[in-house]
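**Student:** Residues in the sequence shown are numbered consecutively from 84, following this note's numbering.
Think of the CB as a built atom: it goes at the ideal place given N, C-alpha and C, for glycine as much as any other residue.
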Amino acid sequence: MSSAGQRLSLATILVFCLSNLAPAMLGVVLFVYLPPYLASHLGVSLAVIGGVWASVRLIDLGIDPLLGHLMDRTDTRYGRYRVWLAAGVPVFALGTYMLFMAPQGIGGGYLFFWLFFLYVGNSIINLSQTAWSATLATGYDERSRIFGILTAVGVIAAVVSLLVPVFAPMLGITAPGADVRAMGWMIIACTPLGIWLATWFTPERVNRATVHQFVARDYLEIVTKPEVVRLYLAQVMLTLGPGWMSAMYLFYFQDVRGFTSQQSTILLLIYILIGVAGAPLTARLATRIGKHRTLMVTTTAFSLGLLTIPFYPKGNLLLMAPGMAWAGFMAAGFGLMVNAMMADVGDEIRLHQGKERISLLYALLSFAGKLTAGFAIGLTFPLLAFFGYNAGEHAHNTPQAVKALEWIFIAGPIVFVMLGGVCVWGWKLDAAKHAAIRAELDARDAAALAQAAILADLGAAPSAALVVEDAT
Numbered sequence: 084m085s086s087a088g089q090r091l092s093l094a095t096i097l098v099f100c101l102s103n104l105a106p107a108m109l110g111v112v113l114f115v116y117l118p119p120y121l122a123s124h125l126g127v128s129l130a131v132i133g134g135v136w137a138s139v140r141l142i143d144l145g146i147d148p149l150l151g152h153l154m155d156r157t158d159t160r161y162g163r164y165r166v167w168l169a170a171g172v173p174v175f176a177l178g179t180y181m182l183f184m185a186p187q188g189i190g191g192g193y194l195f196f197w198l199f200f201l202y203v204g205n206s207i208i209n210l211s212q213t214a215w216s217a218t219l220a221t222g223y224d225e226r227s228r229i230f231g232i233l234t235a236v237g238v239i240a241a242v243v244s245l246l247v248p249v250f251a252p253m254l255g256i257t258a259p260g261a262d263v264r265a266m267g268w269m270i271i272a273c274t275p276l277g278i279w280l281a282t283w284f285t286p287e288r289v290n291r292a293t294v295h296q297f298v299a300r301d302y303l304e305i306v307t308k309p310e311v312v313r314l315y316l317a318q319v320m321l322t323l324g325p326g327w328m329s330a331m332y333l334f335y336f337q338d339v340r341g342f343t344s345q346q347s348t349i350l351l352l353i354y355i356l357i358g359v360a361g362a363p364l365t366a367r368l369a370t371r372i373g374k375h376r377t378l379m380v381t382t383t384a385f386s387l388g389l390l391t392i393p394f395y396p397k398g399n400l401l402l403m404a405p406g407m408a409w410a411g412f413m414a415a416g417f418g419l420m421v422n423a424m425m426a427d428v429g430d431e432i433r434l435h436q437g438k439e440r441i442s443l444l445y446a447l448l449s450f451a452g453k454l455t456a457g458f459a460i461g462l463t464f465p466l467l468a469f470f471g472y473n474a475g476e477h478a479h480n481t482p483q484a485v486k487a488l489e490w491i492f493i494a495g496p497i498v499f500v501m502l503g504g505v506c507v508w509g510w511k512l513d514a515a516k517h518a519a520i521r522a523e524l525d526a527r528d529a530a531a532l533a534q535a536a537i538l539a540d541l542g543a544a545p546s547a548a549l550v551v552e553d554a555t
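1) Any idea what DSSP makes of residue 151, helix, strand or coil?
2) With DSSP as the reference, label residue 487 as helix, strand or coil.
3) Taking just the CA atoms, how far does residue 395 sit from residue 152?
4) Using three-state DSSP, classify residue 159 as helix, strand or coil.
5) With distances taken from CA atoms, which of 472, 407, 202 is nearest residue 489?
6) On the criterion of 16 or more Cβ atoms from any shown chain inside 10 Å, does residue 212 qualify as buried, or is it exposed?
7) Can you tell which of 405, 481, 308, 343 has the C-alpha that lies nearest to the C-alpha of residue 248?
8) Secondary structure at residue 307, three-state DSSP: helix, strand or coil?
9) Note down, one range per segment and in chain order, each alpha helix (DSSP H) of at least 4 residues found wholly within the stretch 367 to 441.
10) Pair every Cβ in the stretch 152 to 163 with every Cβ in the stretch 306 to 316, then say whether three or more of these pairs are closer than 8 Å.
11) Taking DSSP as the reference, what is the three-state secondary structure of residue 365?
12) Where does residue 405 land, buried or exposed, given buried means 16+ other C-beta within 10 angstroms?
13) Let me know if residue 481 comes out buried or exposed under the rule of 16 or more other beta-carbons within 10 Å of its beta-carbon.
14) Say whether chain D places a C-beta atom closer than 8 Å to the C-beta of residue 343.
15) Quick one: measure Cβ to Cβ for residue 114 and residue 460, integer angstroms, because I've assumed they're closer than 8 Å.
16) If you measure between the beta carbons of residue 415 and residue 226, is that distance less than 8 Å?
17) Using beta-carbon positions only, say whether residue 263 and residue 359 come within less than 8 Å of one another.
18) Which value, in whole angstroms, describes the spacing of the CA atoms of residue 165 and residue 282?
19) Taking the beta carbon of residue 253 as the centre, do at least 16 other beta carbons fall within 10 Å, making it buried, or is it exposed?
20) With respect to the alpha helix (DSSP H) encompassing residue 169, which residues constitute its N-terminal and C-terminal limits?
21) Roughly how many angstroms separate the alpha carbons of residue 96 and residue 163, rounded to a whole number?
22) Rounded to the nearest angstrom, how far is the Cβ of residue 420 from that of residue 447, given a contact under 8 Å?
23) Just mark residue 270 as buried or exposed, buried being the case when its beta carbon has 16 or more other beta carbons within 10 Å.
24) Rounded to a whole number of angstroms, what is the C-alpha to C-alpha distance between residue 557 and residue 389?
25) Give the C-beta separation of residue 484 and residue 469 to the nearest angstrom, bearing in mind that I take them to be a contact with Cβ-Cβ under 8 Å.
26) What do you reckon, are the CB atoms on residue 467 and residue 129 nearer than 8 Å?
27) Can you give me the Cβ contacts of residue 135 inside the same chain, cut-off strictly under 6 Å, excluding the 5 residues immediately before and after it?
28) Within the same chain, show all residues whose beta-carbon is closer than 7 Å to that of residue 265, passing over the 5 residues directly before and after it, in chain order.
29) How many whole angstroms separate the CB atoms of residue 474 and residue 123, which I take to be in contact at a CB cut-off of 8 Å?
30) Between which two residues does the alpha helix (DSSP H) harbouring residue 222 extend?
31) Does DSSP classify residue 215 as helix, strand or coil?
32) Give me the residue from 494, 496, 514, 437 with the minimum Cα distance to residue 526.
The following block contains the structure:
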């Protein structure tokens, strides 16, 4: 297993990153395609969809911290995060099936239950995967590398899922909503395949000596730690900005920018596909200027690029493509920088508390991301309905409703993403400070292992046991 000074092989990282295939596919389809599909093809109102998404996020408030706490206390012969990652497969797959294959006439109750069910499965997979990532790579720069590759693999998976609506007509898949259902089947198929390969072939390092009884004081210390609060707020803003865009993406590019559904998907493919280059290059930049500075650079560049989107000619795919590529390149670094920085904070907390809290820390990030993503739909859909926008399949919207859609789509992401960058202004936990923390942790872990080996030898030697007994 990799120590702080070792470099993980690319093969090890790539196999582990296969666990991100299905969640990455779902992340795009769930927010960009499923809500419009529910509204246009299944007849669920925008207000109901928005209300359900927001309600599920509220009900789900305690799930991630609870899961994180349970994961940190798990200690099995198969590992800690491996068993949780495998356990998330049936929950995730069943929730996906029930939402993407939903019958006509479903109501808010059906949508609420199965969306909540899916989010629980998604939480189990994402938390165990992210926490496992932090233990695979313990070095400052190595964490940037592994999270960069994890993001790049996720981008490729998302792109593959988006190829379905592009090529569906060529394959004879022309029934209304059939492309969305096909994306659902792809996600279901990739769930057991990717996670089985990752759990079977990836080694896991478990700090068993750091599994302790949880006390409320520790939790309070963690959630009030300035670095944790800042990263939590950054996660909120950097999820709400792109999530705001995702919720209205198809509405905006079809009704405001004049693109067809197929052209809109191609532009989204460009936005996401460029992340294959954006994620590792962002990680490389972080090794040069630091993670927090890299995050501030990418958030600023993203917002400036988004400002240009309304000025491209309507319906011109070639001219719009560079603007989408720019925004996608910059957005690729948001999540990986926040995750890598939180892993560093986790080391600092373990040094101070002597306890492993990395799952809990990622639970806080996951909670922030999911809550905010839910409210991105919970806010935008009712807001569009308030201004008279109709998402029906053959609806005709007034110029005022279309203009409101344009302003809502552009203004929200710029404000939120810039605030996300501001959250890490003046960050102190840089590479030098983290290296000192890792040196202390490695020395302490080595001493604990040496002591455990001595005790094991004593327990295995009868003569030694007799000496101890005589001494007492």
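**Tutor:** The structure says:
1) helix
2) helix
3) 48 Å
4) strand
5) 472
6) buried
7) 343
8) coil
9) 374 to 391, 400 to 436
10) no
11) helix
12) exposed
13) exposed
14) The structure shown contains no chain D; it is built from a single protein chain.
15) 7 Å
16) no
17) no
18) 6 Å
19) exposed
20) 164 to 183
21) 18 Å
22) Not quite, the Cβ-Cβ distance comes to about 16 Å (not below 8 Å), so this is no contact.
23) buried
24) Only positions 84 to 555 of the chain appear in the structure, and residue 557 is not among them; the question remains open.
25) Actually they do not touch by this definition, with Cβ atoms about 10 Å apart.
26) yes
27) 191, 194, 195
28) 247, 251, 256
29) 6 Å
30) Run containing residue 222: none; DSSP gives neither H nor E here.
31) helix
32) 437
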